[in-house]
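Read through the structure below, which is laid out as structure tokens, and then see the notes.
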Amino acid sequence: MRAALWYGRKDVRIENVPEPLSPEEDEVLVKIVWCGICGTDLHEYLTGPITIPAKNPHPLTKRRAPIILGHEAVGEVLEVGEKVSHCEPGDRVVFYPVIGCGGCWWCREGRPHLCSKVAFIGSSWDGGMAEYMRVPALNCYPIPPSLSSEEATLVEPFAAAVRATKRADIKPDESVMIVGSGTIGLCVLQALRARGVESVFVVEKILQRRKIAEQLGARKTFDPTISDIEQKIFQLTEGLGPQYVFECVGTAVTADFSFKIVRKGGTIVILGIFEEPAPFNYTDLVYSEKKVLGSMGGGEEFGNTIQILASPKITLEPLITKKISLSSLVEEGFEPASRHKEKHIKILVDLQK
Numbered sequence: 001m002r003a004a005l006w007y008g009r010k011d012v013r014i015e016n017v018p019e020p021l022s023p024e025e026d027e028v029l030v031k032i033v034w035c036g037i038c039g040t041d042l043h044e045y046l047t048g049p050i051t052i053p054a055k056n057p058h059p060l061t062k063r064r065a066p067i068i069l070g071h072e073a074v075g076e077v078l079e080v081g082e083k084v085s086h087c088e089p090g091d092r093v094v095f096y097p098v099i100g101c102g103g104c105w106w107c108r109e110g111r112p113h114l115c116s117k118v119a120f121i122g123s124s125w126d127g128g129m130a131e132y133m134r135v136p137a138l139n140c141y142p143i144p145p146s147l148s149s150e151e152a153t154l155v156e157p158f159a160a161a162v163r164a165t166k167r168a169d170i171k172p173d174e175s176v177m178i179v180g181s182g183t184i185g186l187c188v189l190q191a192l193r194a195r196g197v198e199s200v201f202v203v204e205k206i207l208q209r210r211k212i213a214e215q216l217g218a219r220k221t222f223d224p225t226i227s228d229i230e231q232k233i234f235q236l237t238e239g240l241g242p243q244y245v246f247e248c249v250g251t252a253v254t255a256d257f258s259f260k261i262v263r264k265g266g267t268i269v270i271l272g273i274f275e276e277p278a279p280f281n282y283t284d285l286v287y288s289e290k291k292v293l294g295s296m297g298g299g300e301e302f303g304n305t306i307q308i309l310a311s312p313k314i315t316l317e318p319l320i321t322k323k324i325s326l327s328s329l330v331e332e333g334f335e336p337a338s339r340h341k342e343k344h345i346k347i348l349v350d351l352q353k
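The numbering of the sequence shown is UniProt numbering, which starts it at 1 and goes up by one.
Have a look at this one:
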């Protein structure tokens, strides 16, 4: 079968590899139809390895590079292990990408993403940028007919947004600023609007993305390059700043801006993945009593998110900006996504072309 393998920084190759074997008793074999290019895939391509085990085998999966990328995948179940009961051949499924050891305190508490041996589909377990994938059945979630396969590639990032907004426990009458309106930022925007939050502002330097944010319900958008942006934001929030800020970019500059703009006693929710460490002033944190909340992945909200996306309240079409074949992944996927962010939000890879 054809698959996209990560060998190193800016070294992703489309190769023929053996098809997966029949699934174990608790596994599922899936024919992949679509797979989205996630920001983490792009980070691995441009600056990796980040979570990919490049030298030593992963402690849980025993895998190391080269490894098949991709976790925002959708496919059709071909075969299930004898102990699998929640999905069957013919079902369309998406994948929760986190694999825990199953025995540690975090896994027993239902938080495998905090497991000390945590693995991820597409970085330490062969992922969905391949024609077929064998995966633990616990990671498979059937999707309803009302959700198209293309739209279902957005379940994973949307679940991360749903979980982050729930963890922040935002009330409908509170004010929120989203910094960055790529896939995660736009998913956070829609998750907030679905919760009834009206005052949602977006900071984004790319005009086309600001337009999409407005289309999806942002009260107002801001270009961060304007000189008086902080003053304009304070004018709209009673001179105090927003009560919540979602940092969805992952740079020192955007993190610093998020901390400055949130009001005293407010909360910054960090979803961006940082390629480099960012400095942090703990003294300011103490004096301002601001709170910083990290949130990773969809966790317990993954299944619920499928039902949310199947409802007419959510609009996913504007987020999908390009569809490509697997053979053109680098030239038509990774390179344009990194060089022309004004044109692309979510690029989908067709695994059957």
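Virtual Cβ for every residue (Gly too), placed ideally from N, Cα, C.
Check	Outcome
Distance between Thr61 and Glu24 (C-alpha atoms, nearest Å)	14 Å
Sub-8 Å separation of residue 356 and Leu207 beta-carbons	Any property of residue 356 remains undetermined from this structure, which presents the chain solely from 1 to 353.
Any 3 or more C-beta pairs closer than 8 Å across the segment 33 to 48 and the segment 101 to 117	no
Closest Cα partner of Ala159 within the set Phe302, Lys346 and Pro66	Phe302
Buried or exposed (CB count within 10 angstroms, at least 16 for buried), Phe280	exposed
Given Val269 as reference, the closest of Glu276, Glu275, Thr254 and Tyr282 once Cα atoms are compared	Thr254
At least three beta-carbon pairs within less than 8 Å, the segment 263 to 278 to the segment 242 to 250	yes
Cβ pair Glu76, Lys31 closer than 8 Å	yes
Residue of Phe334, Ile212 and Val155 minimising C-alpha distance to Gly298	Val155
Member of Ile347, Glu342, Ile52 and Val330 whose CA lies at the smallest distance from the CA of Arg13	Val330
Beta-carbon proximity of Lys98 to Val74, cut-off 8 Å	What sits at residue 98 in the sequence shown is Val, not Lys. Result no, Cβ atoms of Val98 and Val74 do not sit closer than 8 Å.
Residues that DSSP places opposite Leu154 in a beta bridge	The partner list for Leu154 (beta bridge, DSSP) is empty, contrary to what the question assumes.
Backbone secondary structure at Glu317 - three-state DSSP	helix
Extent of the continuous beta strand (DSSP E) run through Trp34	Glu27 to Gly36
For Ser288 and Leu138, the rounded distance between their alpha carbons	43 Å
Three-state class that DSSP yields for Ile261 in the structure shown	helix
With 16 other Cβ atoms within 10 Å as the buried cut-off, status of Asp284	exposed
Check whether Pro318 and Gln215 have beta carbons under 8 Å apart	yes
Three-state class that DSSP yields for Ala159 in the structure shown	helix
Spatially closest choice to Phe334 from Gly70, Ile52, Val249 and Trp105, by CA coordinates	Gly70
C-beta contact flag for Lys322 and His344 at 8 Å	yes
Thr221 - DSSP class collapsed to helix/strand/coil	strand
Rounded Cβ spacing between Pro89 and Glu82 (contact assumed at less than 8 Å)	Their Cβ separation, rounded to whole angstroms, is 13 Å, which puts Pro89 and Glu82 out of contact at 8 Å.
Buried versus exposed, by CB contacts within 10 Å (16 or more), Glu204	buried
Per DSSP, the bridge partner or partners of residue 363	Within the shown structure, residues of the chain are numbered from 1 to 353, placing residue 363 beyond reach of any answer.
Own chain partners of Val93 with C-beta closer than 7 Å, once the 5 adjacent residues on each side are dropped	Val30, Gly75, Val77, Cys87, Cys140, Tyr141, Pro142 and Ile143
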